[in-house]
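In terms of full-length UniProt numbering, the sequence shown opens at residue 1 and continues consecutively.
Below: the structure, in structure tokens.
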Amino acid sequence: CKYCKTLLKYDSKKTGNSSLQQHAEKSYMTSFVQSEKKILLPKKSEITDKCVTLLQDIRPFETVSGKGFIELAQELINVGATYGRVSASSVLPHPSTISRRCRDIAEQKRKELIPQINDILLSDVSVGMTTDMWTDDYRKIHYMAVTCHYVTPDFKFKARVLATSMFPLEEAKTGENIRHELLKLLVNTLGFDPSNLNKIVWVIDQGANIVLALRPYKCLNCQDHFLNTVLRHGLDSKELTCEAPDVEETIHNAKSLMKYVKQSSLAPQLPKTVIQMGETRFSTVYETLNSILEIYHELHKKLEERGESYRFENIAPDMLQFLVSFIQPFYEAQRELEGDEYPTLSLVILWFEKLKRHCQPLSSDTPVQAVVRLLKKVEIHDLHKIALFLWPKFNQLQMLSNHEREEVYSEVRRLIENFTGAEYQHPQSNI
């Protein structure tokens, strides 16, 4: 059959060709009904109008191209094809129903996920976790989230948000209270075995309460957060005003200029998107300065045409170039170290060695002095060294001293013996 590709038998003595004819008629009707028909332009225009109506509630335009929206639209079309013309309100669920279903699905996903992570912990393989806290400024409610990072038995790297919970309003965010709520979330809510918690490696920011809460466990500082702190101190406005006023003036005026460009009608006239400087993420300092540098001449020309060239007077191109060149390696380090789809532990030593070399020739300059002082305080954990050793390209550990290399080799041997239950016999005497 050319429609459904079924192989049919012809028997001239019993049924003749009647069965073939019946099958052909049925297959033709099925293919006609199921064939995808082209939507006429007027109808597509009406659908576009309905999309605009949907997006009036301050939803992004990309909503209609999202996977979830497309699946919903297809399911509604399938319902119409099956049941005919029906009221949309009779098909769409109530918001509270969606909320309950969302919780049910999340709970089911957790029930499937937690045993997998427990099995990994039982196999003496460490699991990484991160936790963060934030406050809803409008309702003044505190939240705590836990994310798990692990490698599956088939060597796939996974990152999963395990839970987000409200922190008790009546409790202060002390280290002891945070530890109590965190353990309650991990053991009582998520169902982790308490005896396995010491196998978890926590990656944390430098908040004193979080550090205190997780003191009994193995912790690593978040290097992306640390680099943000480095830039915050190196580009501190008060210190720069005293030590390097030309640098502070350039950054301040660049921030003011980008704010003006965003608020005026200039932005759409420029060849590239301009980026406004943020207040907390100091990587945006690089993005702002670099965006000005890339369109320096075009932006200067536009301001001259408007009689506003004075806005550019205190943004010297040579100082702009110096700042972009100085901050760029820190920006690149942050972008790579904050990745969550690949391991980043082995990158820490490499990046900090590179950043220290980057600052060394300029160690007499400001803001470099503050950055150099902070980079010297970086704590390189044994796990960073072991992760780098396990990267074949860098397993010689040439950036470490002989004593540090021997310590790494000894620790790796110990880990292998613990993991295999047998003494490791290395083939070479120098390892």
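Quick reminder that beta carbons are idealized off the backbone N, C-alpha and C, glycines included.
Short check: CB of residue i to CB of residue j, under 8 Å?
i	j	result
Ile327	Asn253	no
Ala163	Leu190	yes
Arg306	Tyr260	no
Ile117	Val127	yes
Glu248	Ser256	no
Asn221	Ile204	yes
Gln321	Leu293	yes
Ile349	Lys393	no
Ala333	Leu227	yes
Ser309	His300	yes
His23	Leu40	no
Val408	Leu397	yes
Phe192	Pro343	no
residue 496	Pro271	The question about residue 496 has no answer, for the chain in this structure spans 1 to 431.
Met144	Glu181	yes
Asn188	Leu121	no
Met258	Gln269	no
Mapping DSSP to helix, strand and coil, what is residue i?
i	result
Phe32	Confidence in Phe32 is poor, its pLDDT being 46 and thus under 50, which makes the residue's placement too unreliable to answer from.
Asp340	coil
Ile204	strand
Trp134	strand
Asn196	helix
Asp124	coil
Lys393	helix
Thr82	helix
Asp236	coil
Ser346	helix
Phe322	helix
Val211	helix
Lys356	helix
Val230	helix
Thr164	strand
Pro60	coil
Leu270	coil
Val285	helix
Ala387	helix
Thr420	helix
Gln398	coil
Thr6	coil
Glu71	helix
For residue i, count the other beta carbons within 10 Å of its own beta carbon; 16 or more makes it buried, fewer makes it exposed. Which is it?
i	result
Gln223	buried
Ser283	buried
Trp202	buried
Leu337	buried
Asn78	exposed
Tyr286	buried
Val146	buried
Ile47	exposed
Thr241	exposed
Leu92	exposed
Ile251	buried
What separation, rounded to the nearest whole angstrom, lies between the Cα atoms of residue i and residue j?
i	j	result
Ser31	Gly80	Any answer about Ser31 is weak, because its pLDDT of 49 lies below 50 and its placement is not dependable; what the coordinates show is given next. Between Ser31 and Gly80, the C-alpha separation is close to 18 Å.
Cys102	Glu75	18 Å
Pro95	Asp132	29 Å
Leu55	Phe419	55 Å
His403	Leu347	21 Å
Tyr331	Leu323	12 Å
Thr288	Thr273	10 Å
Val33	Ala387	In this predicted model, Val33 has a pLDDT of only 47, less than 50, meaning its place in the structure is not dependable; the value taken from the coordinates is given anyway. So the two alpha carbons sit approximately 59 Å from each other.
Lys5	Asn17	17 Å
Ile200	Asn209	19 Å
Thr174	Trp134	14 Å
Glu379	Tyr138	37 Å
Val125	Lys44	54 Å
Phe61	Val52	9 Å
Phe389	Phe352	16 Å
Glu406	His381	15 Å
Lys140	Gly207	20 Å
Leu186	Lys109	15 Å
Lys356	Thr97	55 Å
Met166	Leu345	30 Å
Glu313	Gly278	23 Å
Opposite residue i in the DSSP bridges: which residues?
i	result
Phe157	Val151
Phe330	Beta-bridge pairing links Phe330 to no other residue.
Val45	Here the sequence assigns Ser to residue 45, which means Val is not the residue at that position. Answer is none; Ser45 lacks a bridge partner.
Ile141	Asp136
Leu220	Val203
Ala256	The amino acid occupying residue 256 in the given sequence is Ser; Ala does not appear at that position. DSSP lists no partner for Ser256.
Met129	Cys148 and Trp202
Is the closest heavy atom of the ligand HEM to the C-beta of residue i under 7 Å?
i	result
Glu332	Only the bare structure without any ligand can be found here, which leaves the ligand HEM out of the picture.
Between residue i and chain D, is any beta-carbon pair separated by less than 8 Å?
i	result
Lys44	As a matter of chain content, chain D is missing from the structure shown, which is built from one protein chain.
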